[in-house]
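Asker: In my numbering, the protein residues as written are 60 to 675.
Here a beta-carbon is modelled for each residue, glycine too, at the ideal position from N, C-alpha and C.
1. When you compare the stretch 204–222 with the stretch 582–590, are there three or more beta-carbon pairs, one atom per stretch, that lie closer than 8 Å?
2. Leaving out five residues on either side along the sequence, give the residues of the same chain with a beta carbon under 7 Å from the beta carbon of residue 579.
3. With DSSP as the reference, please indicate the residues paired to residue 203 in a beta bridge.
4. Residues in the same chain with beta-carbon distance under 7 Å from residue 420, minus the five sequence neighbours each way, listed in chain order, please.
5. Have a look at 118, 155, 70, 93 and flag the residue whose alpha-carbon is nearest the alpha-carbon of residue 616.
6. Identify whether residue 412 lies in helix, strand or coil by the three-state DSSP scheme.
7. Enumerated in chain order, which unbroken segments of the beta strand (DSSP E) with a length of 3 residues or greater are wholly contained in the stretch 518–598?
8. Would you kindly check if the distance between the Cβ of residue 507 and the Cβ of residue 405 is under 8 Å?
9. Could you check whether residue 346 and residue 366 sit closer than 8 Å to each other, using their CB atoms as the reference points?
10. Which residues bound the beta strand (DSSP E) around residue 264?
11. Closest to residue 193 by CA distance: which of 206, 229, 527, 353 is it?
12. Around the Cβ of residue 665, are there at least 16 other Cβ atoms within 10 angstroms (buried) or fewer (exposed)?
13. Of all the beta strand (DSSP E) runs that stay within the bounds of the stretch 430–455, which reach a length of 3 or more residues?
14. Where do the N-terminal and C-terminal ends of the beta strand (DSSP E) with residue 499 fall, by residue?
15. Would you mind sorting residue 65 into buried or exposed? The rule is 16 or more other CB atoms within 10 Å of its CB.
16. Below 8 Å between beta carbons: does that hold for residue 475 and residue 447?
17. Return yes when the Cβ of residue 618 is within less than 8 Å of the Cβ of residue 302, no when it is not.
18. Relative to the C-alpha of residue 282, which candidate in 414, 336, 251, 513 has its C-alpha closest?
19. For a test of the three-state rule: what should DSSP assign to residue 305, helix, strand or coil?
20. Report yes or no: do the stretch 172–191 and the stretch 202–217 share at least 3 C-beta pairs separated by less than 8 Å?
21. Exposed or buried, what is residue 596 when buried is set at 16 or more other beta-carbons lying within 10 Å of its beta-carbon?
22. What's the C-alpha gap between residue 523 and residue 388?
23. Suppose the cutoff is 7 Å on Cβ atoms and the five residues either side in sequence are ignored; what does the same chain contact list for residue 504 look like?
24. With 16 as the cutoff for other CB atoms within 10 Å, does residue 360 come out buried or exposed?
25. When burial is assigned at 16 or more other CB atoms within 10 Å of the CB, is residue 657 buried or exposed?
26. Comparing alpha-carbon positions, which option in 480, 487, 259, 520 lies nearest residue 678?
27. Three-state secondary structure (DSSP) at residue 281?
28. For residue 404, which of helix, strand or coil comes out of DSSP?
29. Find the nearest neighbour of residue 477 within the set 620, 461, 492, 496, judged by alpha-carbon distance.
30. For a test of the three-state rule: what should DSSP assign to residue 242, helix, strand or coil?
31. Does the distance from the C-beta atom of residue 127 to that of residue 69 stay below 8 Å?
32. Give the secondary structure of residue 125 by DSSP, where H, G and I count as helix, E and B as strand, and everything else as coil.
33. With a cut-off of 8 Å, do at least 3 Cβ pairs link the stretch 287–304 to the stretch 255–272?
34. What are the boundary residues of the alpha helix (DSSP H) that includes residue 172?
35. Got a sec, what are the start and stop residues for the alpha helix (DSSP H) residue 385 sits in?
36. Count the other CB atoms within 10 Å of the CB of residue 142; is the residue buried (16 or more) or exposed (fewer)?
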């Protein structure tokens, strides 16, 4: 036991003072008698030098005990017991796809949650638990002490499969950061060991690896791809895996847009990879492959891809006459062109267009979305300073390499080009001499490209580079297409239309999430469910785009759920910085004060009872 304020023990000097006071107090009792005559006949005895003796009474004992407790409490004692050693555990739970495999009536993840719950309930005193999920991206789930056990168990119950792959190395990094200088630090890893074991040689805390699950067969769709040709025929490629020790025979079904197209019997040798391909008549938007793997992991028995996830581009062409441009636009698939004259154009028309093309005209304000300005006239939006004669050679800037790479613009007589003083938000992509020829920039909710050239009977329109330049510019002004499919656990950086203010994501289970969208900033979407997600873009109250995105679980890396680890405890190398369990001192002063208060209450009750008896 240690004392934080040892000088406070001087207060124990009150103990002899209490004893003296008890010796000095009168021991006579007041008694009512009928007469004093008999008392007068008793001879007087000398009592001055009679020795007083201390009477051991209950009140004296209680007074001394209260004074002792308060005096020791003022010294603030602390006691260290061997069973008060604080422990800190980091529990890392594997949340990869293979943990969804069901064996023995429950999934591996459920058994991992049960084991983690046991560890949480074993906390005592000042123990602390840190919960970490080890999915494709490791994350801190929660942390807390004994008083937080209910919250920790609740967070544990909400833990679910997070996708393909398990970043145990990243989970160890989180654990080491949170366990730094913590007493009794240990790491518990609950995993099925289906992925190669990580390198733990640099971990300086004891690691207890508990493998959940046994060797189980599994069949999976590892790859599915589809594309169309010019005749709208759909070419499909699939790769199936038999991760088991038995021959597998079963039907494989192929669906186009939820319509069953064919059923084919396949046979796979143990541990084999089977490649399949088909060509089916189109058109179709969605291809789905499914088969019954007769295993405990049905998540990877199905895969879906979108044949063409390129979003249609609605183009509003504002021009008096531009036949070459119209031909180039109509040659682009998935492009719908609406033409109006500058006199008939109103700003509200651009709200329904993905890209607005302004030929020799500028409105009072920039249309929202993509904007292509060709041969801009003098106006308030751009500082146009007349025209000048261009030189044949064109100089590309580093910013123009992506758009203009492999576009042959040499040897063109550009003629007269518009001279403008570009604002700060416009970046030149190509120069003709010292004058910008092609510019690109973003202002508010508008992505703007500017061509400082008059296309009327221009030599550029007769070159093969012209439709390529038009196609690249239009597609760069429109949002990029979605991938054909993604793997569970991937984070999709969704680039919405500049007009979009809100993004609505509906998961396969019907859960809907709405994200606020800032102009030109991608939205990070983590997809942890398998199935078909629906994505909608809203411009205020108007839906401007809808798309579907399949999320699949099958991968070659996780097709085999056989554990590659075993139950083991890894002790770190002994270093000077190794953290050891430290017994935590427990303060006693509060308990002593509480006992003193209880004794004072008992003393008061005793005095009250005795007073009542004396009155009687």
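Answerer: The short version:
1. Yes: the two stretches touch, three or more of their Cβ pairs being nearer than 8 Å.
2. Counting only Cβ-Cβ distances below 7 Å, and skipping sequence neighbours, we find 501, 557.
3. In DSSP, residue 203 forms a bridge with 188.
4. Cβ within range, chain order: 377, 401, 436.
5. Residue 155 is the option with its Cα nearest to residue 616.
6. Note: residue 412 maps to coil in three-state DSSP.
7. List check, beta strand (DSSP E) in window: 550–553, 561–565, 571–575, 582–585, 590–598.
8. At least 8 Å separates the beta-carbon of residue 405 from that of residue 507.
9. Cβ atoms of residue 366 and residue 346: closer than 8 Å.
10. Counting along the chain, residue 264 falls outside any beta strand (DSSP E), and DSSP gives it neither H nor E.
11. Of all alpha-carbon atoms in 206, 229, 527, 353, the one lying nearest the alpha-carbon of residue 193 is that of 229.
12. Around the CB of residue 665, fewer than 16 other CB atoms lie within 10 Å, so the residue is classed as exposed.
13. Entirely contained in the stretch 430–455, the beta strand (DSSP E) runs reaching 3 residues are, in chain order, 442–448.
14. Per DSSP, the unbroken beta strand (DSSP E) holding residue 499 starts and ends at 494–502.
15. Note on residue 65: under 16 other CB atoms within 10 angstroms of its CB, so exposed under the neighbour-count rule.
16. One thing to note: residue 475 has its Cβ within 8 Å of the Cβ of residue 447.
17. For residue 302 and residue 618, yes; Cβs fall inside 8 Å.
18. That would be 336, whose Cα lies nearest to the Cα of residue 282.
19. Correct three-state label for residue 305: coil.
20. Verdict: yes, contact present.
21. Buried, by the Cβ-count rule.
22. Annotation: residue 523 to residue 388 spans about 14 Å, alpha carbon to alpha carbon.
23. Taking C-beta separations shorter than 7 Å and ignoring five residues to either side along the sequence, the partners of residue 504 in its chain run 427, 557, 558, 578, following chain order.
24. Buried.
25. Exposed: under 16 other Cβ atoms inside 10 Å.
26. The displayed coordinates of the chain run from 60 to 675. Any statement about residue 678 would go beyond what the structure contains.
27. It is a strand residue.
28. Residue 404 carries a coil assignment under DSSP once its states are collapsed to helix, strand and coil.
29. Residue 477 has its Cα closest to that of 496, out of 620, 461, 492, 496.
30. DSSP places residue 242 in the coil class of the three-state scheme, outside both helix and strand.
31. It is not a contact, given that the beta carbons lie outside the stated cut-off.
32. Secondary structure of residue 125 (DSSP, three-state): helix.
33. Taking 8 Å as the limit for Cβ pairs, the verdict is that the stretch 255–272 does not touch the stretch 287–304.
34. Note, residue 172: alpha helix (DSSP H), 167–180.
35. Residue 385 -> alpha helix (DSSP H) spans 382–389.
36. Bear in mind that the predicted position of residue 142 carries a pLDDT of just 49, short of 50, making it too unreliable to give a figure here.
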